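Here is the structure we will look at, set down as structure tokens.
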Amino acid sequence: MAKTKKSMNEVYELALQAAPSGIIVVDEAGEIRYTNQTLADMFGYRVEELVDEPVEILIPDQFAAAHRRHMENYARAPRSRDMGTGRDLEGITRDGNRIPLEIGLRPTQTPSGPVVVATVVDITVRKAIEDRLHRHEQELEQLVAERTRELEDAQREKERMLEQLIQAEKMTTVGTLVSGIGHEINNPLYALHAAAEALADETDIECCRAYGSEILKQATRIAETVKNLSRYAQPGTRHDLQAVDLSEVVEEAVRLAHQSLNDEQIEFEVSDGRVAEISARFEEIMQVVFNLLRNAIQAMPGEGRIQIVTQQHGDFVSLRIQDNGSGIPREHLKRVFDPFFTTKGPDKGEGLGLYIVRQIIIRYGGEIEVDNVDGGGARFEIRFPVANRVDKPEE
Ligand SMILES: Nc1ncnc2c1ncn2[C@@H]1O[C@H](COP(=O)(O)OP(=O)(O)OP(=O)(O)O)[C@@H](O)[C@H]1O
Ligand SMILES: [Mg+2]
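Offset between the sequence shown (1-based) and this note's numbering: plus 798.
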């Protein structure tokens, strides 16, 4: 059955009244021509209380004047648009409560003149959710910033403690070295003393020259030993990196180990290919090599042979230290770098040597591997990136 025009109008009116958004029609003079029930409910009025009223009845005082100006501008160049996106629009209810709104505008012509049709949505709930989300986001950001700060502090503290540990381990070694190295100073000192005494009684100029050069030789030997020791003992800071020649470190570490730890039964076999320099602290690399040599010597009571090979492989330099001692039981291989892992008993080892070795190597972007040698003995292999490849340490 065809619907009459009248019944269709009723349907339109009902649809408008029941629309989920508020609908309002405002004429050129800024007066409300029509509102639906939803809009009236939103603002706490009855529909008939709003019709013929100026639209400012729905706008908080502080925005009313600006709204007038906007309306006049809009009347000059009317076009469909959304209001309230990107800025906060507010309406005011009969009770004086403010409500956040989202408004869409569309100009249209009617037989009685131009009007603007507006859809109005109350976004109180959405805004509350948005505000809550925003607050959560801020809280989260703050939490992340705090956590990051804590982690950075912890990292700095860890670095500081490692620095202290490295230095303390070095000083313990220096203590042993000093006693072991006594004869390295005493022997040349006796020779020097004897040459000086002889020199005092000597009248022949040639003999005097010979004693003089002997004194010089022995004094140089003492100076060299002291220099090695103090170069090893000196504390440094993380930031004074130098270009370090691995072969030079090996040479000094072998000399130090030979002088202080060797019971003369151990043979050192050094074969160093020319290698590029690495960026590190000399005394720390020395600590690495010296600790490995000391372990090797301790693993070969009586006699043995230590082979030391330095090589360059592209952007890396490597150092291999291999002994023919006891080797490391398979089940210990994974644990030797753990702090306090030792098989030497409380008075002989603390189990810190290899832990520190590995920390120093990691610090300079390198790596270390250990394995047993066929036929007995252990082999440690270290790799460092060459100097210009090291990433700058993070501040
Ligand atoms: N060259 C090696 N041959 C055999 N075993 C080794 C060798 N190097 C290390 N180890 C084993 O690894 C363990 C850990 O070595 P690490 O240097 O960390 O500690 P340590 O030598 O026992 O004590 P510290 O170095 O603190 O005086 C040693 O106790 C030993 O069992
Ligand atoms: Mg050790």
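Glycine is no exception: its CB is placed at the ideal position from the N, C-alpha and C atoms.
Model, not experiment: these values are computed from the prediction.
In three-state DSSP terms, what is residue i?
i, result
"Gln940", "helix"
"Leu887", "strand"
"Arg1120", "In the sequence as presented, Arg is not what sits at residue 1120; that position holds Gln. In the structure shown, Gln1120 sits in a strand (DSSP, three-state: E or B)."
"Leu1150", "coil"
"Asn807", "helix"
"Ser819", "coil"
"Asn1170", "strand"
"Lys1190", "Residue confidence for Lys1190 is low, a pLDDT of 47 falling below 50, so the modelled location carries little weight and cannot support an answer."
"Arg1133", "coil"
"Arg1177", "strand"
"Ala1041", "strand"
"Arg874", "helix"
"Ile921", "coil"
"Glu982", "helix"
"Val845", "helix"
"Gln962", "helix"
"Gly973", "helix"
"Gly1102", "strand"
"Arg947", "helix"
"Ala813", "helix"
"Ile1126", "coil"
"Arg896", "strand"
"Ile857", "coil"
"Thr1018", "helix"
"Gln1032", "coil"
"Phe1088", "helix"
"Lys968", "helix"
"Lys1142", "coil"
"Glu1050", "helix"
"Ala998", "helix"
"Asp929", "helix"
"Thr802", "coil"
"Leu1027", "helix"
"Ala838", "helix"
"Gly1010", "helix"
"Ala1097", "coil"
"Leu987", "helix"
Name, in chain order, the residues that DSSP records as bridge partners for residue i.
i, result
"Pro912", "Gln907"
"Val1107", "Ser1069 and Arg1118"
"Glu829", "Pro852"
"Ser1077", "Ala1041"
"Glu1165", "Arg1181"
"Val824", "Ile830 and Val914"
"Ile1064", "Gly1102"
To the nearest whole angstrom, what separates the beta carbons of residue i and residue j, a pair I think is in contact under 8 angstroms?
i, j, result
"Thr917", "Ile821", "6 angstroms"
"Val923", "Val823", "So it is not a contact: roughly 26 angstroms between Cβ atoms."
"Thr971", "Phe1088", "7 angstroms"
"Tyr988", "Leu997", "15 angstroms between Cβ atoms; not a contact."
"Asp825", "Arg831", "5 angstroms"
"Gln1085", "Ile964", "7 angstroms"
"Pro905", "Arg874", "With a Cβ gap of about 11 angstroms, Pro905 and Arg874 do not count as contacting."
"Ser1069", "Val1107", "5 angstroms"
"Leu848", "Asn834", "That belief does not hold up - the Cβ atoms of Leu848 and Asn834 are roughly 10 angstroms apart, past 8 angstroms."
"Leu1091", "Val1042", "Not confirmed; about 17 angstroms, so no contact."
"Val1184", "Ile1126", "At roughly 29 angstroms, the Cβ-Cβ gap does not stay under 8 angstroms, so Val1184 and Ile1126 are not in contact."
"Ile1154", "Glu967", "5 angstroms"
"Leu1039", "Leu1117", "Contact flag wrong, Cβ pair sits at about 18 angstroms."
"Glu870", "Glu851", "At roughly 19 angstroms, the Cβ-Cβ gap does not stay under 8 angstroms, so Glu870 and Glu851 are not in contact."
"Gly1071", "Gln1109", "5 angstroms"
- Give every residue whose Cβ lies closer than 5 angstroms to any heavy atom of ligand 2, listed in chain order. Qualifying residues, in the order they occur: Asn1093 and Gly1151.
- Message: Using a Cβ distance threshold of 8 angstroms, determine whether the segment 1019 to 1032 contacts the segment 1063 to 1071, with at least three qualifying pairs required.
- Response: The segment 1019 to 1032 is not in contact with the segment 1063 to 1071.
- Query: Counting Cβ pairs closer than 8 angstroms, one from the segment 1131 to 1142 and one from the segment 1097 to 1116, do we hit at least three?
  - Reply: Here the segment 1131 to 1142 makes no contact with the segment 1097 to 1116; the two share fewer than three CB pairs at distances below 8 angstroms.
- Task: Taking 8 angstroms as the threshold, find out whether the segment 1153 to 1168 comes into contact with the segment 1076 to 1091 through three or more Cβ pairs.
- Result: The segment 1153 to 1168, when compared against the segment 1076 to 1091, does touch it at the 8 angstroms Cβ threshold.
- If you pair each beta-carbon of the segment 952 to 960 with each one of the segment 859 to 871, do three or more pairs fall below 8 angstroms? Result no; under three Cβ-Cβ pairs closer than 8 angstroms.
- Within the chosen definition, does the segment 920 to 940 reach the segment 896 to 909 through at least 3 CB pairs nearer than 8 angstroms? Counting Cβ pairs under 8 angstroms, three or more are found: they touch.
- Okay, do the segment 1169 to 1183 and the segment 1108 to 1122 touch, 3+ Cβ pairs below 8 angstroms being the bar? Touching, yes.
- Task: Would you check if there are 3 or more beta carbon pairs closer than 8 angstroms linking the segment 1007 to 1024 to the segment 972 to 986?
- Result: Because the criterion of three Cβ pairs below 8 angstroms is met, the segment 1007 to 1024 and the segment 972 to 986 touch.
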